[in-house]
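**Q** Okay, here's the structure, questions in a sec.
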Amino acid sequence: MSITVNICYTGENGNARKFAEEMMQSGTVDKIRSEEGIPDKDKKFIVKQEETIMSKKLAAYFSASGVTAGLAKNLAEAAGADLYEIRPAVPYTNADLNWQDKNSRSSVEMKDKSFRPAIADTNANIADYDTIFVGFPIWWYVAPTIINTFLEAYDFSGKPIVLFATSGGSGMGNSAKELKLSVSDTAVIKEGKRFAANTTVSELKKWVESLGV
Ligand SMILES: Cc1cc2nc3c(=O)[nH]c(=O)nc-3n(C[C@H](O)[C@H](O)[C@H](O)COP(=O)(O)O)c2cc1C
1 MSITVNICYT GENGNARKFA EEMMQSGTVD KIRSEEGIPD KDKKFIVKQE ETIMSKKLAA
61 YFSASGVTAG LAKNLAEAAG ADLYEIRPAV PYTNADLNWQ DKNSRSSVEM KDKSFRPAIA
121 DTNANIADYD TIFVGFPIWW YVAPTIINTF LEAYDFSGKP IVLFATSGGS GMGNSAKELK
181 LSVSDTAVIK EGKRFAANTT VSELKKWVES LGV
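Those letters in the sequence shown? Residues 1 to 213, per this note's numbering, in order.
Structural data, given as structure tokens:
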């Protein structure tokens, strides 16, 4: 869903600001933004029609041991997004997650990029959302392949997908590149960011605002 809003750009103080506030009260202007470069002494003001995306957002996440789940909860709060857990049909046990054991389930699965761990449900109602955040723990420097399973289970055409992750320290690596293979050409995967587990709601809010989604 998108709506058009009238925005009045003014300096922070002074007459232009006052005028903008009056226009806001009268309903001519929906938002006031201060903009550097418009001096307060300048009585001029600019009203612009802007397309503002009032997008409905979903924060979908997979979390094997709870860390990404915590971050996703904060992100959902920061973005005003609904929360959805991507659950494996067969949950990962501690033994499954042992990356030091080359025969553990996660080691075996992650060695085969074409392997798609089954998901427990396909109830995410992706069609209802404009922007989808997709979160995961970094496994072997990329997204776990259950994220490919998730992306392949729905139609993301025309939708921005913003990735977020937690890890022991690694960045996003080739996650976006590998996940692109699992969505249609018109879905836009944004690389997003790896966050520390204790990232606050207000830090996440700043990040979401910087994305313009
Ligand atoms: C199989 C496996 C592979 C991992 N690979 C990496 C890695 O390559 N780099 C890294 O920094 N952390 C790695 N980690 C650590 C996790 O990314 C980290 O603990 C994460 O925050 C766990 O999130 P979760 O509790 O949501 O599952 C790995 C963990 C597991 C279980």
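We treat Cβ as the ideally placed atom computed from N, Cα and C, and that holds for glycine.
Quick one: grab the DSSP three-state call for TRP140.
**A** coil
**Q** If you run the structure through DSSP and keep just helix, strand and coil, what is ARG17?
**A** helix
**Q** By a C-beta neighbour count over all protein chains shown, 10 Å radius and 16 as the cutoff for buried, is TYR61 buried or exposed?
**A** buried
**Q** Pick out whichever of ILE138, VAL90, GLU85 has its Cα sitting closest to the Cα of MET110.
**A** ILE138
**Q** What residue range is occupied by the uninterrupted alpha helix (DSSP H) comprising LYS180?
**A** Unbroken alpha helix (DSSP H) run through LYS180: 175–180.
**Q** How about THR131 and LYS159: do their beta carbons lie closer than 8 Å?
**A** yes
**Q** TYR92: which of SER106, LEU179, ASP101, LEU58 sits nearest, CA to CA?
**A** SER106
**Q** For a minimum of 3 consecutive residues, which ranges assigned as the beta strand (DSSP E) are wholly contained in the region 89–157?
**A** Entirely contained in the region 89–157, the beta strand (DSSP E) runs reaching 3 residues are, in chain order, 131–137.
**Q** Is SER65 near ligand 1, going by C-beta to nearest heavy atom under 7 Å?
**A** yes
**Q** Taking 8 Å as the cut-off, decide whether the C-beta atoms of ILE161 and VAL188 are in contact.
**A** yes
**Q** Taking Cβ positions, are ALA165 and PHE133 nearer each other than 8 Å?
**A** no
**Q** Cβ of TYR154 within 8 Å of Cβ of ILE126?
**A** yes
**Q** Take the Cβ of ASN94 as the centre, count every other Cβ of all protein chains shown within 10 Å, and call the residue buried at 16 or more, exposed below.
**A** exposed
**Q** Are the CB atoms of ALA81 and LYS57 within a distance shorter than 8 Å?
**A** yes
**Q** Tell me the DSSP bridge mates of PHE164?
**A** GLY135, LYS193
**Q** Relative to ligand 1, is the shortest distance from any of its heavy atoms to the C-beta of SER182 smaller than 7 Å?
**A** no
**Q** Using a 10 Å radius around the Cβ and a threshold of 16 neighbouring Cβ atoms, would you call ALA196 buried or exposed?
**A** exposed
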